[in-house]
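Engineer: First residue of the sequence shown? That's 1 in full-length UniProt numbering, and the numbers climb one at a time after it.
Beta carbons: idealized from backbone N, C-alpha and C, even for Gly.
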Amino acid sequence: MAPQSSEDWVVEMANGRMPESLAEIEEMTKQMNHMGLKGAYNLSYVYPGSPFTLTSRPKPEEVREKARSSSQKVLSDWNTLRKIVELHADTSEKRWI
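1. Where does the unbroken alpha helix (DSSP H) through Asn79 begin, and where does it stop?
2. So, at 6 angstroms on beta carbons, what are the nonlocal neighbours of Pro19 in its own chain, with the 5 sequence-adjacent residues on each side left out?
3. Is any non-hydrogen atom of the ligand PLP found closer than 7 angstroms to the C-beta of Arg68, if you look at the structure I gave you?
4. If you follow the alpha helix (DSSP H) that Glu24 is part of, which residue opens it and which one closes it?
5. Using the beta-carbon count (16 or more within 10 Å), is Trp96 buried or exposed?
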């Protein structure tokens with residue numbers, strides 16, 4: 001049985017109330033973990049392998065480098081696409097306009 005506290009979060013959530021403060025979230029998480037309901041409130045259990053689930057905490061330098069290389073690739077791809085469109089502009093205008 002879950003430890004008794006001022007609020008039983010299973011009952012509170014069944015009545016439509018969600019935790020509103022960090023302390024309430026921590027208490028709710030403790031109660032849910034005690035009952036074996038970890039998955040419903042922890043995104044790494046709900047969506048394992050999801051690209052939105054953090055598997056590591058990269059350093060700020062790593063994030064900056066990744067952002068820099070990704071933005072350079074996007075701009076390079078955009079320039080390539082622009083050149084292709086310019087090359088075939090006459091044909092596409094004849095077909096679509």
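Structural biologist: Well, looking at it:
1. Taken as a continuous stretch (DSSP letters only), the alpha helix (DSSP H) holding Asn79 covers Pro60 to Leu87.
2. Only Ile25 and Met28 meet the Cβ criterion.
3. In terms of ligand content, the structure shown is empty, and the ligand PLP therefore cannot be addressed.
4. Glu24 -> alpha helix (DSSP H) spans Leu22 to His34.
5. Exposed, since its Cβ has fewer than 16 Cβ neighbours within 10 Å.
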